[in-house]
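In UniProt numbering, the protein residues as written are 1 to 348. See below for the structure under consideration.
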Amino acid sequence: MVPQISPQDLERWRNPDWRIRLAAWWEGYDLSRLPRISNRADPRALAGRRQSGPVDTVGSAPPPATPGASALPAPPTGNPELDRLALMQLDRHGEPVWSPARSEGAQLLWGQDMTGPEEAAWLVDSVRSFGLNPAKSVLDLSAGLGGTARALVQSCDTWVTGLEPSPLLAKLAMDRSKALGLSKKAPIAHYDPEHFNQAGSFDLVMADRILHRVRDKDLFLDRLGDCVKPKGGIALYDYVIDGTPGSWDSWNGWREEEPMEVYPWTATRMADELTQRNLDLRISEDLTQLHRRHIIDRVRKLADTLAAAAPPAPVLAALKRELALWWARLRVLGSGLRFVRYVAMKPA
């Protein structure tokens, strides 16, 4: 016996509001393909799954993306300075990697002052073994909007220098530090990881999801090692290749969705390169499942966040782009790609 759909539920499927559309899109369903005239149609049978194109090898470049809604340029904000900074870093399609709208959308998804799934409190806990205190200093090479840097200052009363590849995020992060009276203890500045120069001497250098985006990893790791004091430490959280992808379509979809090219190493290569630089590798921990859970938990909370207040259309469009990126990452995490934490110490 075919279950009957109530008139109310049928109406919700036929005329979904933006919250239902966003939730269905994340789950992989295309509500635009639902019929608008037949009362007997089963939406589940008509839902379509996203498809990804094929690739040939792990290291090959993905084919050009098909122009679509995700490639539309971000609208001007009315703030010339922020618009200028957004245009300083463009993706493979010639659009800003980060826009003010995307920074707002990311915070709706990940929390205030955050641009990724690992919460600031979790990152602080993960480096407590370094014994940070007011006499020590930290270099954060993935500062984002400065959430983690300021959390370290407030939790450990330490000094944190934040560097961020996005000029726009660096500006927004520094403005936030100034507003909170932390411009000296948690300054944030822009840098180019491909031309990373020594930025001082620190007790701890940390980077979250940076190295897999750097082409010249040898130079980056050399400079990173130069920044660490004797008996200081390094904490890297990054994506590494794990064997052959379970699905080349998913692997290609991930690479195509990334705004910039990615160059992940294998887990063994990463560990070997740290050891070759006379660093004592203490921890090589696979956090893939925890990383997946962090992502999924935040997406599930997003519905409640959006129910409280509907964001402006540009922010909602940027949020959809953000979700598309993380959906592509989820499809390869644990199936060709891993998220690993490396902790190393510099000998005296």
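Using N, Cα and C, we set each Cβ at its ideal position, and we do this for glycine too. Fair warning: this is a prediction, and the values are worked out from it, not measured in the lab.
When the five nearest sequence neighbours on each side are left out, the beta carbons in the same chain lying within less than 6 Å of the beta carbon of Met-206 are those of Asp-140 and Ala-235, in order along the chain. Between Leu-108 and Leu-168 a beta carbon distance of about 17 Å is seen, past the 8 Å cut, so the two are scored as non-contacting. With contacts defined by Cβ atoms closer than 7 Å, Pro-187 and Pro-165 do not form a contacting pair. By the criterion of a C-beta distance shorter than 7 Å, Leu-172 is surrounded in its chain by Ser-103 and Leu-145, once the five residues flanking it on both sides are discounted. Between Leu-281 and Tyr-342 the beta-carbon gap is near 7 Å, inside 8 Å, which marks them as a contact. The alpha-carbon separation between Gln-289 and Gly-111 amounts to approximately 20 Å.
DSSP places Leu-323 within a helical segment (H, G or I) once states are collapsed to three. Restricting attention to Arg-321, Leu-279, Arg-300 and Ser-155, the CA atom closest to the CA of Lys-231 is found in Leu-279.
Contact between Glu-322 and Ala-106 holds: CB atoms are separated by about 6 Å, below the 8 Å threshold. Looking at the backbone, the Cα of Asp-208 and that of Trp-326 are separated by about 15 Å.
Going by beta carbons, Val-315 and Ala-120 fall outside the 7 Å limit.
In this structure, the beta-carbon distance from Asp-216 to Lys-136 does not fall below 7 Å. The alpha helix (DSSP H) runs lying completely inside the region 107-169 and spanning 4 residues or more are 120-126 and 147-156, given in chain order.
The alpha carbon of Gly-94 has as its nearest neighbour, out of Pro-259, Leu-163 and Asn-197, the alpha carbon of Pro-259. The C-alpha of Ser-201 lies about 43 Å from the C-alpha of Pro-312.
Distance from Val-214 to Tyr-263 at the Cβ level is roughly 7 Å; contact confirmed, criterion being Cβ atoms closer than 8 Å. Around the beta carbon of Glu-118, 16 or more other beta carbons lie within 10 angstroms, which makes this residue buried. Under the DSSP assignment, Ile-295 falls in the alpha helix (DSSP H) whose first and last residues are 288-308. DSSP, reduced to helix, strand and coil, places Thr-275 within a helical segment of the structure shown. Leaving aside the five residues that flank Ala-318 on each side, the residues in its chain whose CB is nearer than 6 Å to its CB run, in chain order, Ala-101, Arg-102 and Gly-105. In this structure, Asp-242 places its C-beta atom within 7 Å of the C-beta atom of Arg-338. Inter-residue distance for Ala-199 and Ser-129 is about 23 Å (C-alpha atoms, whole angstroms).
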